[in-house]
Amino acid sequence: MHFLTLLFRNQLAALGAVVLGAILVAVLLTPVLPLQDPNATATPDRFLSPFAEGHLLGTDHLGRDLLSRLLHGTLLSLGVGVAAALIAGIIGSAIGIVAGYVGGRTDNIIMRGVDMLMAFPYILLALAIVAALGPGLLNALIAVAAVNIPFFARNIRGVTVGLAGREFIDAARLSGMSHTRIILTELLPNVLPVIIIAMSTTVGWMILETAGLSFLGLGSQPPQADLGSMLGEARSALITYPHVSVIPGLMIFLIVMSVNLLGDGLRDALDPRLRSGALSRPRAITLVEREDEVPAATDDLLAIQDLQTQFHVGDRIYRAVGGVSLAVRPGECLGLIGESGSGKSVTALSVMGLVSSPPGVITGGAVRFQGTDLIGARYEALRRMRGDRVAYIFQDPLSTLHPLYRVGDQLAEAIRSHHKVGHKEARERAVQLFEDVRIPNAKSRIDNYPHEMSGGMRQRVGIAMALANDPDVIIADEPTTALDVTVQAQILSLLNDLRRDRGLAILFITHDFGVVAQLCDRIAVMYAGRIVEEGPTTAVLERPAHPYTKRLIACVPELGGGRRELAAITGLPPVVNDLPPGCAFAPRCDKVRADCKHGEIALAGPGARAVRCLYPEADLQKGEETTA
Amino acid sequence: MGGYIIKRLISAIPVLLGITIIVFLIMSLIPGDPATAILGSYATPENVAKINRDLGLDKPMVQRYFIWLFNMVQGDFGRSYSLNRPVIDEVLERFTATLVLAGTSFVLCSILGILAGVVSAARQYGWADKAITFTVLIGISVPSFFLGMMMILLFAVNLKWLPVSGMYAIYGGGDLWDLAKHLVMPALALSAVATGVIARLARSAMLEVLRLDYIRTARAKGLPERRVIMGHALRAAMVSIIPVLGIQAGFVLSGSVYIEIVFQWPGAGRMLVDAILSRDLLLVQGGVVFIAACYVLFNILVDVAQSLLDPRIKT
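The listed protein sequences derive, respectively, from chains A and B.
In terms of numbering that gives the first Met the number 0, the first sequence opens at residue 0 and continues consecutively.
In terms of numbering that gives the first Met the number 0, the second sequence opens at residue 0 and continues consecutively.
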């Protein structure tokens, strides 16, 4: 039942079902309807137009009633098409299952044969079969079925091979079941959905093919007529009496279209990958729906002000970023830290409108670069700043570099999309950048493809690309997470040098306090879409105020720290479509009190430090006084 | 690259041999005595014996296969008895006409299909996407021969824009412009289904690619959106589109049989149907093997194109 609801939620599939159902009912009622003999000729009544007396759809070149012939022909076409699909499906699937289950040499020989049959255009095979057996509807059916057997065999074999290696098949084999029984009771039920999908998507095709052979005069022979031969016979009178052609032609079209719609719907309903519907729309810029006042400008280089980014999936709203404010000054490095899913990457991507939309929507706040609001900016204005003023370094350099372009070209392209420079100049600049990020043999390396480089080298390419236009701000989203520790240290010191030399501001996103300690001047800790603590790096690391920060730091193993207990934080971060009131960390906090679970808790504190907690672990007031 | 092409050509040899075996086996399925089938009512014992001798049918099957194969390798595909001329001459002449038609259709469906798919994906759920999806649905459901007939009615009979049928005008035609005019309708009708299939695939391939990280990188470095879509995304999507182009070329070639009948195009498909109806089996056999071999070679070209496009394929 669930399956049917899924199928009919798809309106087009429902339309297909209705049309096909109507045709089927009409065809099945044919024997009891008061129709004329489809083969009774009446030469005086040749080529009557539709709505002629006694002939609702008119007559053909021999004066035969078109309505009656149409319904009989439809029955024949449908029957032959479905029969061909069944025959091809059963034989092809049997071959596929046997080949996939037995494997080895048998599999090899069978699949070679199948490849051979698929190596040439299907109609040649069909024509050869009809040529050998002679024209006729049954022979056309055999030809169409035979031509489609390889398709089923190959598909089903692929699925079977995947299943045959699974544990439940091994278990069945060990329990002494016979091969036949394993195939019938263990394999077949699992392969059946695939067979059904394959049949439903090919049955329309088979109806079309048999109609085609009949159209050529190689299928049904007179006086018997299916839709194809009706069309073929009517062709000679196409210009003078088009209705005789149009009627069977439209019928084939309706049948094939409704079968296709239904087949697509069936596939969508059965294929879980498509069912999730979580496919994001690839817009060039994140959707903005701001209703509240835009916060006023500040004099920071880059300021994120009360930013709110949500994901709208169906009826649910995930508040990935729920009012985040951050700012960086030139030459400063700000670390943004938190568990996966805390919203730190979404915050970073929101800056340049790179959150994929839908589902992403920026619903409030502002991002200001030198005072200009980027969230409300037009696409072209934002594009000009992307990579030029504000550049990104992403986490996994294998998936973030284009696999089919040479790395040097990808780098040159970054330069050329902002500066009018020639190919040669861009290339020289690319070599220079590769040397800046300390890639050895820069001159030859720029002609590599990403898959020809190591992870560390690829990440350097990513950094070089971010530096290409000498930006003011770099947003680095976990740039070292995918790398091993020595490479990580090299990359971090490289970033640090660049920051010193070029006066770059860096927003550094990570879940690793060790990395933060090496590089960042200040850190902000994020939890469930909000900043829970902020302050200078050493102060926060030495005297964390938020229980969450403290627990996070406790998770970091310390080299030479002896046998210290690593305290994992129990529980999971909350799902951001259903945040509890009060402190989001309360359910996992061991110091939780009753009033933690009500009302809004402000991010507050003296000087550079701030915490969003009613009962902080450290007294910030006191702490600041002693350090000051 | 040269080595790769040679390797692929060598790997085609067993496929080509397989095709000859399959065709030969199918042809020997003919029920009863082939000589009687050819002669029909003229099948007197003397005639049957003569035909059997002429066609070598009195020899054992395996021997017959090798004689046939050996002759074909030397370019002798036998003699068509209904046309009374060498099979290879007829096939070459007719297949050229088919190539003009199917080749044009293939270029059309590749360009139109990919463009439609790209626009559809870039404007997912927009009006352009909906319009394209709807057109594609109709395109892949309409039988090409019916579409061709309706085009004749509309553009040739009612609007009189284009000639009804044939490849050249009977009087005074023969130039390229004449051919082009005759080619428009059959080429469009033939490409309709393939265009739809390619558009569907290109759309889903593009959507798949547009969600990937390196597209975000391309946007993050400030590439203009046109370059992101037509450069980065399409280039990557082509990797999954090109194999389907190869498959669709086979479908276009197959569909040309119907279109050649509808538009009276003097191609190889019509030749095969006529040969079947007049039971000219050597012509069928030779035509099928020849066209199949051309298609296999075409697919090697597709593979080579694929390896040029994707540096990750080891050549």
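Idealized CB from N, CA, C, for every residue including glycine.
In this text the structure is predicted, and so the values were computed from the model without any measurement.
CA-to-CA, the gap between L32/A and I206/A works out to about 24 Å. G375/A carries a coil assignment under DSSP once its states are collapsed to helix, strand and coil. Assignment of E292/A by DSSP, reduced to helix, strand and coil, places it in the coil class.
Taking C-beta separations shorter than 7 Å and ignoring five residues to either side along the sequence, the partners of E434/A in its chain run A441, following chain order. The Cβ atoms of T201/A and N147/A sit closer than 8 Å to each other. Under the Cβ criterion (8 Å, minimum of three pairs), the stretch 463-483 of chain A counts as touching the stretch 500-515 of chain A.
Beta-bridge analysis with DSSP links C332/A to I505/A.
When rounded, the separation of the alpha-carbon atoms in I196/A and I155/A is 11 Å. If you check the CB distance, Q304/A and A380/A do not come in under 8 Å. The three-state secondary structure of D57/B, taken from DSSP, is coil. Look at the beta carbons and you see the stretch 200-217 of chain B not touching the stretch 170-187 of chain B: under three pairs across the two are nearer than 8 Å. Contact annotation: E259/B and G245/B have beta-carbon atoms that are not nearer than 8 Å.
When the beta-carbon positions are compared, S257/A and L551/A stay at least 8 Å from each other. Distance between D387/A and P470/A, taken at the CA atoms: about 5 Å. Counting along the chain, the unbroken alpha helix (DSSP H) around P188/A starts and ends at 187-214.
Straight across, the Cα-Cα distance linking G249/B with M270/B is about 18 Å. Bounds of any alpha helix (DSSP H) do not take in Q223/A, whose DSSP letter is neither H nor E. Here V524/A is near I336/A, since their CB atoms are less than 8 Å apart. Proximity of the stretch 159-168 of chain A to the stretch 118-125 of chain A falls short of the contact definition, fewer than three beta-carbon pairs being nearer than 8 Å. H178/A sits in a helix when the DSSP states are folded into three classes. Judged by beta-carbon spacing, D212/B lies within the 8 Å limit of S398/A, meaning their Cβ atoms are closer than that value.
Around the C-beta of K343/A, 16 or more other C-beta atoms lie within 10 Å, and the residue is accordingly described as buried. Every alpha helix (DSSP H) of 4 residues or more that sits fully in the stretch 192-253 of chain B is shown, in chain order, as 212-219. In this structure the stretch 67-83 of chain B does not lie against the stretch 151-164 of chain B, because fewer than three pairs of beta carbons, one per stretch, are closer than 8 Å. In the DSSP assignment, the residues bridged to H54/A are A51/A. For R104/A, no chain B residue has a Cβ inside 8 Å of its Cβ, as the nearest lies near 16 Å away. With respect to F145/B, G248/A sits close: the two C-beta atoms are nearer than 8 Å. Put simply, of L282/B, K220/B, R199/B, G221/B the residue whose alpha carbon is nearest the alpha carbon of A236/B is R199/B. Any Cβ of chain B closer than 8 Å to the Cβ of Y614/A would place that residue at the interface, and such an atom is absent. Residue burial annotation: F50/A is exposed, with fewer than 16 other C-beta atoms found within 10 angstroms of its C-beta.
Taking A188/B as the centre and dropping the five residues before and after it, the same chain places the C-beta of S143, L146, G147, M150, I258 closer than 7 Å to its C-beta, in chain order. At the C-beta level, V345/A and A319/A come within 8 Å of one another.
Rounded to the nearest angstrom, the gap between the Cα atoms of A186/B and T194/B is 11 Å. Only residues of its own chain outside the window of five on either side were considered, and among them G147, M150, I151, F154, A155, L161, F262 have a CB closer than 8 Å to the CB of M184/B, listed in chain order. Beta-bridge partners of R550/A (DSSP): none assigned.
With fewer than 16 other Cβ atoms from the protein chains shown falling within 10 Å of its own Cβ, H450/A counts as exposed.
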